[in-house]
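Only one structure is covered here, and it is reproduced in the block below.
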Amino acid sequence: MPTLPINIGSYLVNLCSALLLLTCFAIVAQRRLMACVDLFALQSVFLAVTATLVAYLTGIHHIYLAAVLTIAIKAIILPRILKKIVRQLNVQREVSMYVNIPTGLLICGGLVILAFFITQPIVHLGFLLTQDSLAIALAIVLIGFFIMVSRLKAVTQVIGFLMIENGLFLAATAAAYGMPLIVELGIFFDVLVAGLIVGIYTHQIQEAFGSVDTSRMKALKE
Amino acid sequence: MIWPIILLIATPFLIGVSGLVVRNRQALDVLHCVQAGIMVVSSMLLVDEVSVSGPVSFLYFLHADAISAWFDLVIGIVAGTGTLYAVGYLGEQYDRGHVSLKRFRQFFMLFDLYLGVMLLAVNVENLGMMWIAIEGATLSAALLIGFERSKGALEAGWKFVILSSVGIALALFGTILVYYSSEQLLGISEEALHWAKLYEVGDQLDPSVMKIAFIFILVGYGTKAGLVPMHTWLPDAHGEAPTPVSAMLSANMLTMAIYAILRFKILTDQAVGPEFTGTLLLGFGFFSVALSSIVLLLQEDFKRLLAFSSIEHIGIALIGFGLGGLGVFGGLWHLLNHALAKSAAFYGAGLILITHEHKFIARVPGLLREHPAAGVALFVAGLVLAGMPPFGLFVSEITIAVNAMNTAPSIAYGFLGVLTLAFATLLFQILRMVLGVPMETQISTVGPRCRAFSTAALAVNLGALIFLGLHVPAGLHDLIGAILPFFDAEGEYF
Amino acid sequence: MRAIDFLLIILQIFLVLGLSPLIVGVIRRVKAHLQCRHGATVLQPYSDLAKLFRKEPVISTTASWIFPATPYILFSSTLAASLLVPTIIAPMPLNFAGNIIALVYLLALGTFFLMLAGLDAGSAFGGMGSSREAIVASLTEPALILSLFAVALTAGSANISAIVYKTAILQGIVLDPPPHLMALVALFIITLAETGRVPVDNPATHLELTMIHEAMILEYSGRYLALVEWAAGMKLMIFLSLLANIFAPWGIATTLSPSALGLGLLVFVGKVVGLAVVIGVFECMFAKLRLFRVTELLGAAFVLSLLALVFFYILRV
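First to last, the protein sequences are chains A, B and C. Here the numbering used here is used: position 141 in the first sequence is 361, and no number is missing along the way. Here the numbering used here is used: position 309 in the second sequence is 339, and no number is missing along the way. Here the numbering used here is used: position 12 in the third sequence is 47, and no number is missing along the way.
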């Protein structure tokens, strides 16, 4: 049984999920692609710490495995792939965006509030360690979604997608004590493959269009 | 008897993996013909088995109840003919030197994997694993859509990857919410995601969680099903993917996404009553039909035309499910016939693409004379898709309309209005292609092998359409009888 | 008022006046160390101040009374503000006199006069510096007030002493991490902006393209410059005390016993010097932002403090 008092533990989980949310904002405010990848890796580390805390507090052992996989896949392998792509394509920063950064930050602030309102009716139900984790997880999902639609570069869009995955994982871990092991493994596998496929695609897009600026792909319309 | 389900799911995986070692094109052709046969036959046998002696389970995760069996039938038959057609289509590309043997083998590995995970998705018991399988289908489809590596294909593929990843992520959030609610009842265990277990305790699931979860599921899987307004990837992907893949996207993947939505709809209905999901499905369905019936008229590209027609038909099926009652029968029947008809139409479109090497509707008049195989396929499939009697889509559309008239007449008027519009626009476009005087723009003719394979695929699809229009097999009748109670629906169908 | 309160006020004045040049020296020393320079000793700012006080000031012939008056106004308003911020003991003796709003506007008063003085001297750089300072100040002020309010709402008081006292007893940041963390990050960014540190301003250079604070005070010399520099040091000290005592009030004295006060003093000096080291490291890690990008950084601070507020105000009821 855990020796840490459950309320101190839940404070720590809450703190970690707040750190996850903060890194989201940092990514939204960041233009340099390399820094975005680093921030994503940092976010994944926080995620793994959260998972470890939850595993320790609940005594559900397979969450440890999920934490290890998070570190391996999301904090090491995928950032490496992304950095390799950034280096190969020689794009360092996001020059123009659909939404400028201060407005983007305000929108993200709005998304956090929205997430809280959506989850408000249901937070009292689960075996929640914390009051906020579910809302923060949803907020991370929404912010990832926002990054995907507001940025032009393929790499940042991928980071947005991976942030969505992080948010989902936080929801599964902190709010539902982790999905069943088999499901969790499958999800990790899918995320890894998705990362690889996106890598393949960015490469081919670069070859065909001479740029990874997705706003150049405008040929197909209704 | 469990071997139909095993064969149905294992065959595409095994034959797909065999592509790693088999380097001979002849052998690959034979293997895929075998696969096509096994898929068609085993899906029918599975329906027979389930309708006669109830659900089938294998190992601890495969489980086919009546709903699964129905979608197995839809996906299995079309996947079988699609495999046959792909052998012909890709073989032709290979003979013409458009694809190397390496790419040829890659294509079939991906294609088999794609079919396999779709069949897996409709047969797994665990909702989390269903998500994994659907994500697998998304990823393999992403590679298949961009297979030709042209600018258009890459753009369509990228759009698909981005949109469906977001969609599928939202669906996972919905799944997590369901789990969040169910582990209160079933404990923190794998069983808390087992559909049958959830169904047993469905009325105790928390209503507010289920409502929020269902919205996420509907938007998430709805993106994969191409519901308006999440449909923007769909016409691009259908237009730019290799034609056999377009056919599978339209006939199978959209159907699979609807399957996933239905599974959650049944659970949500138990928790909050059918009103909530019904309204949402009606809304999304109606907008899908309305938008696509207008946009159909604007299309100049026949593959995109068929794509928008898919959005329309998925919308119609959704309206059926949203209405409940006999509408559920209408929706199921609609999905089956649409899958057969739409894939046949795509097979025809692919043949035109081979001989004319362009996709403009205006430049291929007189197909019945110029290119009879493609012409007949498009003509018959077009009539079916427009909803001409006596074909199945007519039956399902009428069932849905009558059902709507009985429950909510205003919906029925709107539904019939957009349906008429869609009928006119689709038929207008199809008739522009098949009738009239040929422009003699044909560049080449289809090779004998491709002709044989595609004729076989078309014969199965069109034959099945005509057969289902004239006669309803007892097995399907019983199967629908077993499905309707899940939706709390009853009544006389047929 | 009790005699002990007088003692405490005097102690506070000496602490702030005496420690603030040291903080500046520590930051410079850390930066020098990280940049592989030898660097001056941490006591160098004291010598600088002493020397400046001995020098004769030169005043531009075009300057009005504002120019010579500003250093005194700035110095006294900053010193007054510093008396509202708890350093070594939580309920400050002067805590009846003002709250968050008084603090913010005492600081703003100094900034306002500094901007006027920059314009008053009539040099091109001064006006440029003032207009830049106006941009930064107008962006930091709402963020500063919001982030302090966010914390004030948990404590249920806008009085800084009360906030610190309550968080010290309730264990501060652990109580409700997400909003506190956001307010902390916001306040940290604001500290960098308000005290003219990298990445908003660079206090170590006089480059015409980038300087903000240095441009405004370019015309000052002698004892005027000494007062302005000292006031800048105190402002830094005020912000560091806020960061240290609002978000990590552990160790601060909550009673008047000598041992608690002694411990409070030690802990306070340790925390403030620690924060100064962090700022020094931070300045070496980041490059100065272009002026137009500063709005993005401050926008982030604003959104974070707004969120922190929302966490408390809307979602915790």
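All residues carry an ideal CB built from backbone N, CA and C; glycine is no exception. Owing to the predicted nature of the structure, the values given are computational and were not obtained by experimental measurement.
Exercise. What residues in the stretch 352-382 of chain A bring their beta carbon closer than 9 Å to a beta carbon of chain C?
Worked result: Asp352, Ala355 and Ile356
Exercise. For C/Phe49, which residues from the same chain have a beta carbon less than 6 Å from its beta carbon, with the 5 sequence-adjacent residues on both sides left out?
Worked result: none
Exercise. Under 8 Å Cβ-Cβ, which residues of chain A neighbour B/Phe43?
Worked result: Simply none; closest approach about 15 Å.
Exercise. Which partner residues does B/His93 have in the DSSP bridge list?
Worked result: B/Ser87
Problem set entry | Simplified DSSP state of B/Asn153, which is helix, strand or coil | coil
Exercise. Using a Cβ-Cβ distance under 8 Å, would C/Ala178 count as near chain A?
Worked result: By the rule that beta-carbons nearer than 8 Å mark a contact, C/Ala178 does not touch chain A.
For this session: Closer than 8 Å by beta-carbon distance: list the chain B residues that pair up with A/Tyr421, in chain order.
Result: Going along chain B in sequence order, the residues near A/Tyr421 (Cβ under 8 Å) are Ala172, Gly176, Leu184, Gly187, Trp188 and Val191.
Problem set entry | Amino acids of chain A, ordered along the chain, whose beta-carbon sits closer than 7 Å to that of C/Leu342 | Neighbours of C/Leu342 on chain A, chain order: Gly329 and Val332.
Exercise. Should C/Thr240 go down as buried or exposed, given a rule of 16 or more other Cβ atoms within 10 Å for buried?
Worked result: exposed
Problem set entry | Under 8 Å between C-beta atoms of B/Leu61 and B/Val52 | yes
Exercise. If you drop the 5 nearest sequence neighbours on each side, which residues of the same chain put their C-beta closer than 7 Å to that of B/Ala323?
Worked result: Checking the sequence, you will find Ser at residue 323 of chain B rather than Ala. Around B/Ser323: Glu342, Val448, Leu451, Ala452 and Thr455.
Exercise. Quick check: the stretch 143-152 of chain B against the stretch 304-314 of chain B, are there 3 or more CB pairs under 8 Å?
Worked result: no
Exercise. Which residues, in order along the stretch 216-234 of chain C, keep a beta-carbon less than 9 Å from a beta-carbon of chain A?
Worked result: Leu216, Met217 and Val220
Exercise. Is B/Leu50 close to chain A, meaning its C-beta is less than 8 Å from at least one C-beta of that chain?
Worked result: no
Problem set entry | Within-8 Å CB hit, C/Ala283 to chain A | no
Exercise. For a contact meaning CB atoms closer than 7 Å, what does C/Glu331 contact in chain A?
Worked result: Ala249, Ile321 and Pro322
Problem set entry | According to DSSP, residues forming a beta bridge with B/Asp331 | B/Phe390
For this session: Report the three-state DSSP secondary structure of C/Ala288 (helix, strand or coil).
Result: strand
For this session: Taking only beta-carbon positions, decide if A/Asn234 is within less than 8 Å of chain C.
Result: Yes, its Cβ sits closer than 8 Å to a Cβ of chain C.
Exercise. If you draw a straight line from the C-alpha of B/Ala407 to the C-alpha of B/Leu248, how long is it?
Worked result: 33 Å
Exercise. Any Cβ of chain B within less than 8 Å of the Cβ of A/Ala392?
Worked result: For A/Ala392, the closest Cβ of chain B is nearer than 8 Å.
Exercise. According to DSSP, what are the bridge partners of A/Arg313?
Worked result: The partner list for A/Arg313 (beta bridge, DSSP) reads A/Arg252.
Exercise. Which value, in whole angstroms, describes the spacing of the CA atoms of C/Gly334 and A/Leu242?
Worked result: 14 Å
For this session: Using a Cβ cut-off of 9 Å, pull out every chain A residue sitting near B/Ile218, in sequence order please.
Result: Thr278, Ile280, Phe347, Ala396, Tyr397, Gly398 and Pro400
For this session: Flag C/Ile44 as yes if its beta-carbon sits less than 8 Å from any beta-carbon of chain A, otherwise no.
Result: Not a single CB atom of chain A sits nearer than 8 Å to the CB of C/Ile44.
Exercise. Is B/Leu56 buried or exposed, if buried means 16 or more other CB atoms sit within 10 Å of its CB?
Worked result: Inspection of the sequence shows that residue 56 of chain B is occupied by Gln rather than by Leu. Classification for B/Gln56: exposed.
For this session: May I ask you to report which of helix, strand or coil DSSP gives C/His215?
Result: helix
For this session: May I ask you to report which of helix, strand or coil DSSP gives C/Gly207?
Result: Because the pLDDT at C/Gly207 is just 48, under 50, the model does not fix this residue reliably, and the value given afterwards should be weighed accordingly. In the structure shown, C/Gly207 sits in a helix (DSSP, three-state: H, G or I).
Exercise. So, helix, strand or coil for B/His224, using DSSP?
Worked result: strand
For this session: Name, please, each residue of chain A whose Cβ falls closer than 7 Å to the Cβ of B/Gly166.
Result: Asp410
Exercise. So A/Met437 and B/Trp263 are in contact, right, with Cβ under 8 Å, and what is the actual spacing, rounded?
Worked result: Not a contact, Cβ separation roughly 12 Å.
For this session: Check whether the Cβ atoms of B/Gly405 and B/Leu398 lie closer than 8 Å to each other.
Result: Less than 8 Å separates the beta-carbon of B/Gly405 from that of B/Leu398.
Exercise. Considering only C-alpha positions, which residue in the set B/Gly354, B/Pro259 and B/Ala301 is nearest to B/Leu241?
Worked result: Looking at the sequence itself, residue 241 of chain B is Lys, so the reference to Leu does not match. If we check each option's Cα against that of B/Lys241, B/Ala301 comes out closest.
Exercise. Should A/Leu440 be flagged as near chain B, meaning a C-beta pair shorter than 8 Å?
Worked result: Residue-level contact check: A/Leu440 touches chain B, since one or more beta carbons of chain B fall below 8 Å from its beta carbon.
Exercise. In terms of residue numbering, what span does the alpha helix (DSSP H) encompassing B/Leu257 cover?
Worked result: Here B/Leu257 belongs to no alpha helix (DSSP H), and DSSP marks it neither H nor E.
For this session: Output yes or no for whether 8 Å exceeds the beta carbon distance between B/Ile288 and B/Leu370.
Result: Between B/Ile288 and B/Leu370, the CB-CB gap reaches or exceeds 8 Å.
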